[in-house]
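> In UniProt numbering, the protein residues as written are 1 to 212.
Note that the Cβ used here is the ideal one computed from N, Cα and C, for glycine as well.
#1: So, is residue 171 buried or exposed, given that buried needs 16 or more other C-beta atoms within 10 angstroms?
#2: Give me the residue from 60, 59 and 24 with the minimum Cα distance to residue 46.
#3: What is the DSSP secondary structure of residue 95, counted as helix, strand or coil?
#4: Can you tell me which of 150, 200, 122 and 79 puts its alpha carbon nearest to the alpha carbon of residue 61?
#5: With 16 as the cutoff for other CB atoms within 10 Å, does residue 135 come out buried or exposed?
#6: Closest to residue 86 by C-alpha separation, out of 58, 200, 75 and 33, would be which residue?
#7: Going by DSSP in three states, residue 33 sits in which element: helix, strand or coil?
#8: For the beta strand (DSSP E) containing residue 158, name the first residue and the last one.
#9: Can we say the segment 69 to 81 touches the segment 98 to 117, given the rule of at least three CB pairs closer than 8 Å?
#10: Determine, using beta carbons only, whether residue 160 and residue 167 come nearer to each other than 8 Å.
#11: Among the residues of its own chain, which have a CB less than 7 Å from the CB of residue 50, if the five just before and after it don't count?
#12: Please determine, among 197, 193, 185 and 147, the residue with the shortest C-alpha to C-alpha distance to residue 157.
#13: Return helix, strand or coil for residue 82, following the three-state DSSP convention.
#14: Residue 206: which of 165, 67 and 178 sits nearest, CA to CA?
#15: Counting along the chain, where does the alpha helix (DSSP H) carrying residue 197 start and finish?
#16: If you scan the segment 99 to 133 from start to end, which runs of the beta strand (DSSP E) of 3 or more residues do you find wholly inside it?
#17: Suppose you measure from the CA of residue 71 to the CA of residue 208; what does that come to, to the nearest Å?
#18: Give the single residue among 63, 109 and 141 whose Cα lies nearest to the Cα of residue 215.
#19: Nearest by alpha-carbon distance to residue 83: which of 96, 73 and 147 is it?
Right, here's the structure in full:
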């Protein structure tokens, strides 16, 4: 590379695209950036994307992730939340870091593992992305075989379910099929901005119990 990564500045809310990056180059960049960073990295077919999230992006990520945890706890479903873990596979020439992700149906298959290897392990069952505009990242989830993807654009939650290798937009979650996820998640996310995080989670927990 002509530039060192520490010379690059990506303002919050912006993304940087770098072309003609090899797989080994992508792996080197991940190692150089390190695991304790705020930026998100995506890679597909030689194109590397580095995105720096805004503060409101992080707030939405945390609240939606917490709402999902409440759902799984109240439904008594074992899960494993891996946050922004990097998922990649060389033979598919793709890699992505979700804002949050969950192993649910496949939780037992990866339980207790320190590292996830997509050559032998399944991908997460649910990935969550906030304010996504890049189709590269969207396609990566499809290529890696993530069964369900949620995307929050600030006002609307869109659910994409993997069907025959392609994402189909759905009003129903395949994981929480009996619940109006696209309505209730935005409602409680917005409530958290006025009522506070703890009050919102308590109210949501009561709502879930009423549904089951």
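Taking the definition as stated:
#1: exposed
#2: 24
#3: strand
#4: 150
#5: Below a pLDDT of 50, predicted positions are generally treated as unreliable, and residue 135, at 49, falls in that range; the measurement from the model is reported next regardless. With fewer than 16 other Cβ atoms within 10 Å, it is exposed.
#6: 33
#7: helix
#8: 157 to 163
#9: yes
#10: yes
#11: 10, 15, 16, 39 and 41
#12: 185
#13: coil
#14: 67
#15: 197 to 211
#16: 100 to 103 and 126 to 130
#17: 7 Å
#18: The structure shown has nothing for residue 215, since the chain only spans 1 to 212.
#19: 96
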